[in-house]
Amino acid sequence: MKQPSKAEYGHCDVLEHLIHKGGDVLALADDGASVMFEAAGGGNPDCISLLLEYGGSGNVPNRAGHLPIHRAAYEGHYLALKYLIPATSKNAIRKSGLTPIHSAADGQSAQCLELLIENGFDVNTLLADHISQSYDDERKTALYFAVSNNDVRCTEVLLAAGADPNLDPLNCLLVAVRANNYEIVRLLLSHGANVNCYFMHVNDTRFPSVIQYALNDEVMLRLLLNNGYQVEMCFDCMHGDIFGNSFVC
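If you want it as structure tokens, here you go:
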């Protein structure tokens, strides 16, 4: 069983004593987590600074491929994240398959999102395929994490920074409509979400999927109609009859 480290608990005085006694700042736990990764989870910026001073690295992933910067962003440790941003290489982040923007959105930390955006992280970077495919909905964007969490503030931050609401296989708008989150629906529509989107993985017609979630909600239905929902698409059938004749319903 893994034992919590002094770095994780933020005991900087003890951590420094251990380093002076020969403790290895690059040591890994049984689960592959580095001392820096544990410090990122603890969130104490002094421990992060101390480890960096003695040669600790922000570029060592755990077995899941996550870096210390991902953990700090997910946990919402703003000050720790400030140290880890310059200590983490873009190449290490690219190899991990996800950005700290994804982690901050998943952890619902708007403050960390803002810090990452200020430091040039792209809000439209997609999850690597192997990570995306580990989710049933095959999500790809940080915005999707925010919307699926019903997190209005993170959604606002990402959209204001230029997040594209139409990059995921299951459109963010469908997620928000299904959750009856009017505020997020309005935000997405005002930033260019495709009101006539449909989930291609399960829908081989042009019938807009969003209407299925709004039929029993007059307020939502009016919101969609007022934002360009194409009613005629409900009657557009791409299939044929039993005799092989194609037609439009």
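Numbering (the UniProt record's numbering), first residue to last: 1 to 249. By construction, the Cβ of each residue, glycine as well, lies at the ideal position given by its N, Cα and C atoms.
One thing to note: S34 has its Cβ no nearer than 9 Å to the Cβ of A73. Boundaries cannot be given for N119, as no alpha helix (DSSP H) includes it and DSSP labels it neither H nor E. For D13, the enclosing alpha helix (DSSP H) begins and ends at 12-20. Using a 10 angstroms sphere on the CB of G41, the tally of other CB atoms reaches 16 or more, which defines it as buried.
Judged by pairs of C-beta atoms under 8 Å, the segment 139-151 touches the segment 104-120, as three or more such pairs exist.
Here D151 is buried: its Cβ has 16 or more other Cβ atoms, across all protein chains shown, within 10 Å. Listed in chain order, the non-local C-beta contacts of T155 below 8 Å within the same chain comprise L143, A146, V147, I184, L187, L188, local neighbours out to five positions each way being set aside.
N181 and R153 have their C-alpha atoms roughly 13 Å apart.
For L81, the enclosing alpha helix (DSSP H) begins and ends at 78-87. Taking 9 Å as the cut-off, the beta carbon of Y54 is found no closer than this to the beta carbon of V14. If you ignore the 5 residues before and after D168, its C-beta comes within less than 6 Å of the C-beta of R139, K140, T141, Y144, all in its own chain and listed in chain order. Check the Cα spacing between K90 and each of G76, H70, L79, A176: the tightest is with H70. Counting C-beta atoms within 10 angstroms of its own C-beta, A80 has 16 or more neighbours from the protein chains shown and is therefore classed as buried. Sixteen is the threshold: when 16 or more other Cβ atoms of the shown chains lie within 10 Å of the Cβ of P165, as they do, the residue is buried. Assignment of alpha helix (DSSP H) within the segment 110-168, counting only whole runs of 4 or more residues, yields 110-118, 129-132, 142-148, 152-160 in chain order.
For S96, no pairing in a beta bridge is given by DSSP. In this structure, the beta-carbon distance from I48 to P68 falls below 9 Å. Contact between I101 and L116 holds: their C-beta atoms lie close to 5 Å from each other, under 8 Å. Straight through space, the alpha carbons of I19 and N149 are spaced by roughly 40 Å. If you check the CB distance, L170 and V123 do not come in under 9 Å. DSSP places S57 outside both helix and strand once states are collapsed to three, so it counts as coil.
Exclusion of the five residues before and after N227 leaves L189, V195 as the residues of its chain whose Cβ lies within less than 7 Å of its Cβ.
Counting only the Cα atoms, D217 lies some 10 Å from I211.
Rounded to the nearest angstrom, the gap between the Cα atoms of S209 and C197 is 7 Å. Going by DSSP, F199 is part of no alpha helix (DSSP H) at all; its letter is neither H nor E.
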